[in-house]
Amino acid sequence: TSGQYHQLDAVIHQHLIVGDIRTAFLLQALFHHTNQDCELLLACMHLVESVASVSQLPPRIQEYLADDTLRRPKMAFPTPLARMRSQSKLLESDNQSILNALYTLQAHQTCSTSLFGNIICGFKLSVALGCDYKDVILDPEPLNRLHPTHDFDVATNLLNLASLSHYDCTQYVCSQIVHLLNTGPEDGKFVLWSCDLESEFNCILDLTGCPLLLGNLLMASDLPLTETSQPMAYRQVVEGLILAHSSYTRVCHMEGITSVLNISRSLVNRLLDCCQWPLMVRLLTGIGRYNEMNYIFQILRDNDQFEYLLGKGLDKQPQLMSATLEFVRRDKELFSLVAHHFSMYSELGALYEDEARAELGRLLLGDVVGGVTYLIVCPHNTTCLQTAMSKYTDATEHYMQAKKMNCAVSSMQQAELIMVQLSMLSNTSASTSVPCLVNLTKSQALMLVNTVLNCEQAHVVASAYAVALDWSAALYQHCVLKGNSEYLQDWTRHHQLTKTLVLDIVHRFQSEKEINAVMEGNMKLFISSVSLLDVKYRVASQLGFKDILQNLLASPDMAYLKDTVWQSGFKKQVF
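Numbering (the UniProt record's numbering), first residue to last: 1 to 575.
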């Protein structure tokens, strides 16, 4: 009956689960019953033993193969890059079609048995090792076939066939690692089963499935972690500690991590005794706990060996870069060396800016007159300004290399500001003072622009302090109140007096409570320089500057005025 066959399937499955395939097939034959898993296993064995090809399998098996939606992934572990070179044989069309069929048939099993996986592993090994499938699958000691030079796939499949417990598997892997470390690296690298232990150790951890156990076994192995006195053996000790730390880190086992750090501290003292600077750096970068191991930074600096931290390839480790910069931040010489090595142009730019500001802070200042701070003219101030300008120039170059254009422009503007300050110092006799242009507030900068500085200086100061230039205020102060005709001449070389600007200055003049003869004379000179005839005529008329009007009427421009101003007329107003 169907119930009895169901019970028979359950019994067969129990035998398949424990790997007793002989009894399972015997029960199937004894009761003239076809069990799906036995049928699938038989098809798999026919494929791997070359009894039948994929196309020669029975119709019922072909139905399973046609439904490949349940096919399982082929990779159980992360794949080292070196493994890709070893798959050429397996990827040949015949082998690949058999492998695809095996995975599809495995996906249709109804009981959890390792037999399908063993068949697949045996087939892949027979292809990779170039031996007969039966020799592989019937080998009582499959791990005897495994060598450190085999690829990761071979190691994975042989370990699966060995059916080791998690402990035994991890212990075996640990023994292979220790043996590799003790025999020394090839070409400077420790490579096990095509895995570079420095960069692909995670693959080994996934293979064992017990990172904590592997870490404990490595720490308890026969590597001379603390007793050795032979400098040549320290390389293996360092690598063993790094691998143990990686194992503990995978499972966040703080007790194990602490143990590694404590032994590392003791090991560093021994490395210091025999001047093994490269191994000291390797231990630091391999473990990667820069805060806990910052004593290595101090040892290297105290012994003038800091350059070992700047070795080839280390500039690709951002955490090392940050930790190194943080350690040397107070040592400007080392900071510059490290930042140059890591091409940290932005940080270098900030460093030079800080140094420039520090130089400007050493300036000797004089009195404050009318809200303006004065700078003493002396060699000390000249030297400080020259140094600061050089620092700002360096900062500009490094910011440009870092493609931080806003910072570069800001540094350049500060350098130009200091250049103007130096020019003011050089054009002034000794024992006097000049207005200080550095470390100003915006209001102080604007006051200097409007009342003290010439046009070119005003442009530089306004850019350095990001203040908007009010040319009407500056022109009124310099030309009308102070009578500085040279200021207007310099200004008109680069600017043009517009109607709005002229009217604004006239408004300021008319708003004065008291206008003396000097101010009036200065205003006349200013109006005389206006090139806009209609504006000039209107303003002179409103201000009552008859001499200017007479000159206009006597000039060849009389005809133009008749056609414009006189034609339209104008109302007298206060501008």
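Every residue, glycine too, gets a C-beta built ideally from N, C-alpha and C.
Exercise for review: Going by DSSP, name the residue or residues bridged to residue 376.
Suggested key: In the DSSP output, where bridge partners are listed per residue, residue 376 has 433.
Review point. How should residue 391 be labelled, buried or exposed, when 16 other C-beta atoms within 10 angstroms of its C-beta is the threshold for buried?
Key: Answer is buried; the Cβ neighbour count reaches 16.
Point to revise | Straight-line Cα distance separating residue 208 from residue 26 | key: Rounded to whole angstroms, residue 26 to residue 208 spans 36 angstroms at the Cα level.
Review point. So, residue 190 versus residue 180, is the Cβ gap smaller than 7 angstroms?
Key: It is a contact, given that the beta carbons lie within the stated cut-off.
Exercise for review: May I have the straight-line CA-CA distance separating residue 38 from residue 217, to the nearest angstrom?
Suggested key: Computed Cα separation, rounded: 41 angstroms.
**Study point:** Nearest-angstrom Cα separation, counted from residue 182 out to residue 13
**Key:** About 46 angstroms.
Exercise for review: Less than 8 angstroms between the CB atoms is what I'm expecting for residue 123 and residue 99, so what's the real figure, rounded?
Suggested key: Right, the Cβ-Cβ distance comes to about 7 angstroms (below 8 angstroms), so this counts as a contact.
Review point. Is the beta carbon of residue 398 less than 7 angstroms from the beta carbon of residue 476?
Key: Contact annotation: residue 398 and residue 476 have beta-carbon atoms that are not nearer than 7 angstroms.
Practice item. Tell me where the beta strand (DSSP E) around residue 366 begins and ends. Key: Its beta strand (DSSP E) spans residues 365-369.
Exercise for review: Identify whether residue 281 lies in helix, strand or coil by the three-state DSSP scheme.
Suggested key: Three-state result, residue 281: helix.
Point to revise | Which listed residue (102, 172, 409) has its alpha carbon closest to that of residue 45 | key: Checking every option, the nearest Cα to that of residue 45 belongs to 102.
Check your understanding: The alpha helix (DSSP H) with residue 204 in it runs from where to where?
Key -> Residues 201-208.
Check your understanding: Between residue 7 and residue 143, what straight-line distance do the alpha-carbon atoms span, to the nearest angstrom?
Key -> Rounded to whole angstroms, residue 7 to residue 143 spans 38 angstroms at the Cα level.
Check your understanding: By how many angstroms is the C-alpha of residue 415 removed from the C-alpha of residue 453?
Key -> One C-alpha to the other measures close to 17 angstroms.
Practice item. May I ask you to report which of helix, strand or coil DSSP gives residue 534? Key: Helix.
Point to revise | Within the region 35-68, ranges of the alpha helix (DSSP H) (whole runs, at least 4 residues) | key: Taking 4 residues as the shortest admissible run, the region 35-68 contains the following complete alpha helix (DSSP H) segments, listed from N- to C-terminal end: 36-48, 59-66.
**Study point:** Segment limits, alpha helix (DSSP H) that includes residue 516
**Key:** Counting along the chain, residue 516 falls outside any alpha helix (DSSP H), and DSSP gives it neither H nor E.
Exercise for review: Consult DSSP for residue 332 and reduce its assignment to one of helix, strand or coil.
Suggested key: It is helical.
Point to revise | Cut-off 7 angstroms between Cβ atoms - residues of its own chain near residue 176, not counting five sequence neighbours on either side | key: Closer than 7 angstroms at the Cβ level, and outside the excluded window around residue 176, lie 148, 192.
Check your understanding: Between residue 114 and residue 19, what straight-line distance do the alpha-carbon atoms span, to the nearest angstrom?
Key -> If you draw a straight line from the Cα of residue 114 to the Cα of residue 19, it is about 7 angstroms long.
**Study point:** Separation of residue 502 from residue 464, as counted between CA atoms
**Key:** Residue 502 has its alpha-carbon roughly 27 angstroms from the corresponding atom of residue 464.
Check your understanding: If you draw a straight line from the alpha carbon of residue 554 to that of residue 547, how long is it in whole angstroms?
Key -> Rounded to whole angstroms, the separation of the alpha carbons of residue 547 and residue 554 is 11 angstroms.
Point to revise | Identity of the residue in 282, 349, 172, 307 nearest residue 409 by Cα | key: Looking at the Cα atoms, 349 is the closest of the given residues.
Review point. Around the Cβ of residue 211, are there at least 16 other Cβ atoms within 10 angstroms (buried) or fewer (exposed)?
Key: Buried, since its Cβ has 16 or more Cβ neighbours within 10 Å.
**Study point:** Touching by the beta-carbon criterion (3+ pairs, under 8 angstroms), the region 429-448 and the region 371-387
**Key:** In short, these stretches touch, since the Cβ pair count reaches three.
Practice item. Taking all protein chains shown into account, decide if residue 15 is buried (16 or more other Cβ within 10 angstroms of its Cβ) or exposed. Key: By the neighbour-count rule (16 or more Cβ atoms within 10 Å), residue 15 is buried.
Point to revise | C-alpha distance - residue 413 paired with residue 305, whole-angstrom precision | key: Each residue's alpha carbon lies about 39 angstroms from the other.
Exercise for review: Measure the C-alpha to C-alpha separation of residue 439 and residue 389 and round it to an integer number of angstroms.
Suggested key: The alpha-carbon atoms of residue 439 and residue 389 are separated by roughly 14 angstroms.
Practice item. Using the Cα positions of residue 596 and residue 141, report the straight-line distance between them to the nearest angstrom. Key: What is shown of the chain runs 1 to 575, which leaves residue 596 out entirely.
Point to revise | Short Cβ contact (7 angstroms threshold) for residue 359 with residue 382 | key: Contact flag unset, no.
Review point. Relative to the alpha-carbon of residue 234, which residue among 451, 245, 283 has its alpha-carbon at the smallest distance?
Key: Nearest C-alpha to residue 234: 283.
Review point. Roughly how many angstroms lie between the CA atoms of residue 241 and residue 333, to the nearest whole one?
Key: Rounded to whole angstroms, residue 241 to residue 333 spans 33 angstroms at the Cα level.
Check your understanding: Can you find at least 3 beta carbon pairs, one from the region 242-257 and one from the region 278-297, that sit closer than 8 angstroms?
Key -> Judged by Cβ distances under 8 angstroms, the region 242-257 makes contact with the region 278-297, as three or more pairs qualify.
**Study point:** Three-state class that DSSP yields for residue 192 in the structure shown
**Key:** Judged by DSSP in its simplified three-state form, residue 192 adopts strand.
**Study point:** N-terminal and C-terminal residue of the alpha helix (DSSP H) that residue 323 is part of
**Key:** Looking at the DSSP string, the run of the alpha helix (DSSP H) that includes residue 323 is 318-327.
Practice item. Count the other CB atoms, across all protein chains shown, that sit within 10 Å of the CB of residue 368; report buried if there are 16 or more and exposed otherwise. Key: Here residue 368 is exposed, its C-beta having fewer than 16 other C-beta atoms within 10 Å.
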